[in-house]
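Encoded as structure tokens, the structure appears first; notes follow it.
Now the structure itself:
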């Protein structure tokens, strides 16, 4: 199945950070605001999950959220995932099916880490899932500003240039 067929069959829609998505799960359970960090500013669902698809050349720009995000590889070609931690340390991993080559079928991006993604060169598309807990809310989403990120993380300029 190609990317267009997946997008159509699964009802994926454009996502603000790039690519296509569809929320597939939002728990009925709610975490009360008092049980969360004040940074959340309110209650959240226990967990949420989405399908996420990036086509060749698509970039999920650097962004961060207030929750841990678990990435799951489902199909297509490998996906490059880059991260900038609050201390400026950078990391790059590959989500994909080839575990022997060091690819990950699942990976956790910790809360507060800037991250972005793109299909690896030669991949027509990458199809993944993202599970967030506490559940995702757009109030917790922050898109990175390239100039602000470069000033804050001068050692990550190359990463910011590609994904900012």
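Residue numbers (UniProt numbering): 1 to 164.
Note that beta-carbon positions come from the ideal geometry of N, C-alpha and C, so glycine has one too.
What you are looking at is a predicted structure, and each value in this text was computed from that prediction instead of being measured.
In this structure, residue 126 sits near residue 78, with a CB-CB distance shorter than 8 Å. For residue 22, the uninterrupted beta strand (DSSP E) segment begins and ends at 20-26.
In the three-state scheme derived from DSSP, where H, G and I count as helix and E and B as strand, residue 111 is classed as coil.
CA-CA distance, residue 68 to residue 51, rounds to 16 Å. Cβ-Cβ distances below 7 Å link residue 31 to 43, 44, 46 and 134 in the same chain, with the five nearest sequence neighbours on each side left out; the list follows chain order. From the listed residues 61, 96, 29 and 11, the smallest Cα separation to residue 141 is found for 61. Between residue 129 and residue 20, the alpha-carbon positions lie close to 11 Å from each other. With fewer than 16 other Cβ atoms inside 10 Å of its own Cβ, residue 138 counts as exposed. By the neighbour-count criterion, in which a residue is buried when 16 or more other Cβ atoms sit within 10 angstroms of its Cβ, residue 118 is buried. Secondary structure at residue 36: coil, using DSSP grouped into helix, strand and coil. Residue 114 holds the alpha-carbon nearest to the alpha-carbon of residue 64 among 90, 114, 100 and 38. Residues of the same chain with a CB within less than 8 Å of the CB of residue 160, apart from the 5 flanking positions on each side, are 62, 84, 144, 146, 149, 150 and 153 in chain order. According to DSSP, residue pairing for residue 44 in a beta bridge involves 31.
In terms of Cβ geometry, residue 136 and residue 24 do not form a close pair [threshold 8 Å]. Taking all protein chains shown into account, residue 92 has fewer than 16 neighbouring C-beta atoms within 10 Å of its C-beta and is therefore exposed.
Spatial neighbours of residue 124 in its own chain (CB-CB distance under 8 Å, excluding positions within 5 residues in sequence) are listed in chain order as 2, 3, 55, 56, 76 and 77.
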